[in-house]
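Heads up: the structure comes next, in structure tokens.
There are 2 protein chains.
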Amino acid sequence: MPKKVDRHERRTLIADALMRVAARQGMEAVSLRHVANEAGVSPGMVQHYFRTKDEMMAFAMTVVRERNQARVTEAISRLGEQPAPRALLRAMITAVLPLTEESRIDGRVALAFLAYTAVRPDAAAGIGADTQQMLGFMAGLLPGPDRDGRAAGLLALMEGLGVYLLGGHYTAEQALAALDAQLDIVFAASDLAEAR
Amino acid sequence: MPKKVDRHERRTLIADALMRVAARQGMEAVSLRHVANEAGVSPGMVQHYFRTKDEMMAFAMTVVRERNQARVTEAISRLGEQPAPRALLRAMITAVLPLTEESRIDGRVALAFLAYTAVRPDAAAGIGADTQQMLGFMAGLLPGPDRDGRAAGLLALMEGLGVYLLGGHYTAEQALAALDAQLDIVFAASDLAEAR
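Listed in order, the protein sequences are those of chains A and B. Its first residue numbered 1056, the first sequence is counted upward by one per residue in my numbering. Its first residue numbered 1056, the second sequence is counted upward by one per residue in my numbering.
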């Protein structure tokens, strides 16, 4: 009798292959055949786990989100107990920015996914909820007034820095300087409001 | 004798076809054959004007940049003489954000281009200079201190808002509220610095 196959393990093996193809050659290279070659399995096997390209993309994006979550958790744990809101936000955002080779690979997949879903909104189902959760968390750390608007701005700034880092438009120094300038004015504006 | 063909006109016809394919089906659908079908010409004709996919992509991005520039110029002209820096920045940024069907099409092409060049940095040659020019212009309009950091943050925020609008993560209202909150704190922080 054949050995029982660990479904999750094989799915992850295929997803890892998909990530490598997408990171190296971009989204248009992601096909059943390419991913199968990279994973060393048959195209039929890939199709057994992912029926469509949408499913492959969504699963890869889940992997990226889980890795980002792990990076954030690890960065926060290094801050010690009761970190200041500003330090917490800075640690979270720098943990997600594509500043290391590993996070650049994930960033390229995330950018490919964004470009893919911009023309196929159905494939992005579930991402919206993530964004709203992140916004709520950030808003809770920011000083008032207008926490929601500021959180939406900070999240967009984070995304834009990621895009510009991946494209080589900003250096790491430029991106971190922009982030620090942003945190300066967000927290300075609250000082001003309090002083009034 | 055959009529003289207007090279620029035909190139633009092909580029428009490329834009429609990329906006409708995403980057992975952009091939010589697809673009030729859409333009109603032969694949050989497309290849005569664009030897490689890199060349097609770079030209499409040039078209998007020119259209964005025209939108910005038009938005600024509506502000009257000597607009305040804040009003000028707001008009420029909202003119570029994908808030209309026309600018959404261009936005999808720009996003596809970003994803494409994130794995092929050579295809992005020339874009870096554009970014630096835009940063310099924005920095000149922002109140000090740390104009460079704030300009880099504002440009990244603009890019992130565009990405989130295209992906449906933010509504138009959310994006504009984030932009206004950003302009609030950028200009409020300068009030604070002056008050000290």
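Glycine included, each C-beta is placed from N, C-alpha and C at the ideal position. Here the structure is a predicted model, which is why all the values come from computation and not from measurement.
- Within the same chain, 1202, 1203, 1206 come within 7 Å of residue 1194(B) by CB-CB distance, once the 5 residues on both sides are set aside.
- Close CB contacts of residue 1129(A) within its chain, under the 8 Å cut and outside five residues either way in sequence, are with 1150 (chain order).
- Just measuring C-alpha positions, the residue of 1223(A), 1185(A), 1217(A) sitting nearest residue 1121(A) is 1185(A).
- Going by DSSP, residue 1145(A) is part of the alpha helix (DSSP H) stretching over 1140-1151.
- The alpha carbon of residue 1211(A) has as its nearest neighbour, out of 1223(B), 1226(B), 1233(B), 1198(B), the alpha carbon of 1233(B).
- The stretch 1058-1094 of chain A contains, as complete alpha helix (DSSP H) runs of 4+ residues, the segments 1062-1080, 1087-1094 (chain order).
- Using a Cβ-Cβ cut-off of 7 Å, residue 1214(B) is close to 1215, 1218, 1219 of chain A, given in chain order.
- When DSSP states are grouped into helix, strand and coil, residue 1137(B) belongs to the coil group.
- In the DSSP assignment, residue 1206(B) falls within the alpha helix (DSSP H) that extends over 1202-1221.
- Of all residues in the stretch 1112-1131 of chain B, none places a beta-carbon less than 9 Å from a beta-carbon of chain A.
- DSSP places residue 1199(A) outside both helix and strand once states are collapsed to three, so it counts as coil.
- The shortest CA-to-CA distance from residue 1187(B) to any of 1086(A), 1102(A), 1225(A), 1063(A) is the one to 1225(A).
- For residue 1122(B), the enclosing alpha helix (DSSP H) has its first and last residue at 1108-1132.
- For residue 1240(B), the nearest CB of chain A lies under 8 Å from its own CB, placing it at the interface with that chain.
- The beta-carbon separation of residue 1077(B) and residue 1167(B), rounded to 5 Å, stays under the 8 Å limit for a contact.
- Within the same chain, 1234, 1235, 1238 come within 8 Å of residue 1145(B) by CB-CB distance, once the 5 residues on both sides are set aside.
- Residues of the stretch 1161-1191 of chain A that bring their beta carbon within less than 8 Å of a beta carbon in chain B comprise 1162, 1163, 1166, 1167, 1169, 1170, 1171, 1172, 1173, 1174, 1175, 1176, 1179, 1182, 1183, 1186, in sequence order.
- Around the CB of residue 1222(A), 16 or more other CB atoms lie within 10 Å, so the residue is classed as buried.
- Cβ neighbours of residue 1099(A) within its own chain (closer than 6 Å, five residues either side excluded): none.
- Flagged as an interface residue toward chain B: residue 1224(A), by a C-beta distance shorter than 8 Å.
- When the beta-carbon positions are compared, residue 1134(B) and residue 1216(B) stay at least 8 Å from each other.
- Residue nearest to residue 1200(A) within the set 1243(B), 1064(B), 1175(B) is 1243(B) (criterion: CA-CA distance).
- At a Cβ-Cβ threshold of 8 Å, residue 1143(B) and residue 1160(B) do not count as neighbours.
- Between residue 1214(B) and residue 1219(A) a beta carbon distance of about 7 Å is seen, short of the 8 Å cut, so the two are scored as contacting.
- Distance between residue 1156(B) and residue 1126(B), taken at the CA atoms: about 13 Å.
- Straight-line measurement puts the Cα of residue 1192(A) at about 42 Å from the Cα of residue 1111(B).
- The beta carbons of residue 1073(B) and residue 1113(B) sit no closer together than 8 Å.
- In the three-state reduction of the DSSP assignment, residue 1097(B) falls in the coil class.
- Of all residues in the stretch 1098-1111 of chain B, none is placed with a Cβ closer than 8 Å to any Cβ belonging to chain A.
- For residue 1240(B) against residue 1241(A), the beta-carbon gap comes to about 6 Å, under 8 Å, which counts as contact.
- Flagged as an interface residue toward chain B: residue 1079(A), by a C-beta distance shorter than 8 Å.
- Counting other Cβ atoms within 10 Å of its Cβ, residue 1093(A) reaches 16 or more and is therefore classed as buried.
- Residue burial annotation: residue 1229(B) is buried, with at least 16 other C-beta atoms found within 10 angstroms of its C-beta.
- Only residues of its own chain outside the window of five on either side were considered, and among them none has a CB closer than 6 Å to the CB of residue 1124(B).
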